[in-house]
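**Q**
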Amino acid sequence: MRLDVVSIFPDYLAPLDLSLIGKARREGLVDLHVHDLRDFTHDRHRTVDDTPYGGGAGMVMRPEPWGEALDHVVAAGAAAVGGGVPHLVVPGPGGRPFTQELARELAQQPWLAFACGRYEGIDERVYDEAREHMPVSVLSLGDYVLNGGEVAVLAMVEAIARLIPGVIGNAESLVEESHEDGLLEYPVYTKPPVWRGRGIPEVLLSGHHGQIARWRRDERLRRTAQRRPDMLAALDPAALDERDRAV
Ligand code: 6GU
């Protein structure tokens, strides 16, 4: 998968060299290119923002550097990917919620580009123009405000890249996760068997795989009911057995 990220703080994306994503890059599974928006300015001060038409607080990102940056990404990427256009993701608190389902969809794409806005946002004409050339999704991590899209891109790229076949060694660990089947994860324990006077649930030592599976499912249901009643309400009733309903 090819990934392009445009930002005025390219150093913010440095953590993508680390851990599993860094390994996926070195193995050629992920081809990541970070671009500095200021490289697409032409004035001495490398200006990317200006005051909003109509007045109001803060600054707005000017369209010209964004237009040139996205033109460059499309041209450079097309040569590398062998044609086509990227799916453009613009992170922002005003977007549609970024979910595991969306991560799964985006993980199927051969090419994603991320446009990191700062200040009060990017001139709306940049979105309008981009939509004439490529699919554009404005996506939010949740109902709170970050200073810019960079931290959101770190989160989204991690959520997407780990779903690319080969990036995670143990594909099984992708299956039983929170948000894959609408329930949160069960609690986990490892050695030692007693820590600061606290033992572990007896059933986990029983060797009885049926009972362990049932206990884990009960815990997932309890946890989901307690922490995320919205997720429990959204479950397909057909996905619950009689024992589930008793929990
Ligand atoms: Cl994706 N961007 C910004 N700037 N703030 C956010 C966000 C994204 N998601 C939640 N808050």
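In numbering that gives the first Met the number 0, the protein residues as written are 0 to 246.
Glycine included, every Cβ here is placed at the ideal spot set by N, Cα and C.
So the alpha helix (DSSP H) aspartate 217 belongs to, where does it begin and stop?
**A** Aspartate 217 -> alpha helix (DSSP H) spans 208 to 226.
**Q** Return yes when the C-beta of serine 6 is under 7 Å from any heavy atom of the ligand 6GU, and no when it is not.
**A** The answer is no for serine 6.
**Q** If you reduce the DSSP assignment to three classes, tell me which class aspartate 70 lands in.
**A** Three-state result, aspartate 70: helix.
**Q** Report yes or no: do three or more beta-carbon pairs, one from the region 197 to 212 and one from the region 120 to 135, lie closer than 8 Å?
**A** The region 197 to 212 is not in contact with the region 120 to 135.
**Q** What does DSSP give as the partner residues of histidine 132 in its beta bridges?
**A** According to DSSP, which records beta bridges pairwise, histidine 132 is partnered with nothing at all.
**Q** In this structure, does DSSP put glycine 93 in helix, strand or coil?
**A** In this structure, glycine 93 counts as strand in the three-state DSSP scheme.
**Q** Do cysteine 115 and glutamine 157 have their beta-carbon atoms positioned less than 8 Å apart in this structure?
**A** Looking at the sequence shown, residue 157 is not glutamine but glutamate. No, they are not a contact pair.
**Q** Counting only beta-carbon atoms, is alanine 23 nearer than 8 Å to chain C?
**A** Structure shown: chain C not included; a single protein chain is present.
**Q** Return the CA-CA distance between alanine 212 and glutamate 176, expressed in angstroms with no decimal places.
**A** Rounded to the nearest angstrom, the two C-alpha atoms are 15 Å apart.
**Q** Cutting at 7 Å between CB atoms, please list the residues of its own chain near proline 96, excluding the five before and the five after it.
**A** For proline 96, where only same-chain residues beyond five positions count, the Cβ hits under 7 Å are Ser139.
**Q** Given this structure, state the Cα-to-Cα distance separating arginine 222 from valine 174, to the nearest angstrom.
**A** Distance between the alpha carbons of arginine 222 and valine 174: 18 Å.
**Q** Report the CB separation of proline 90 from valine 72 in whole angstroms; it is logged as a contact under 8 Å.
**A** Not quite, the Cβ-Cβ distance comes to about 16 Å (not below 8 Å), so this is no contact.
**Q** For glycine 57, is the beta carbon positioned less than 7 Å from some heavy atom of the ligand 6GU?
**A** No, the Cβ of glycine 57 stays beyond 7 Å of every heavy atom of the ligand 6GU.
**Q** Starting from arginine 5, trace the alpha helix (DSSP H) in both directions and tell me its first and last residue.
**A** A quick correction: the sequence has valine, not arginine, at residue 5. Segment 1 to 6 is the beta strand (DSSP E) holding valine 5; no alpha helix (DSSP H) there.
**Q** Apart from the five residues just before and just after valine 135, which ones in its own chain have a Cβ nearer than 7 Å to its Cβ?
**A** For valine 135, where only same-chain residues beyond five positions count, the Cβ hits under 7 Å are Leu87, Val89, Tyr126 and Ala129.
**Q** Let's test the definition: count the other Cβ atoms within 10 Å of the Cβ of arginine 117 and tell me whether it reaches 16, buried, or not, exposed.
**A** Looking at its Cβ environment, which holds 16 or more other Cβ atoms inside 10 Å, arginine 117 is buried.
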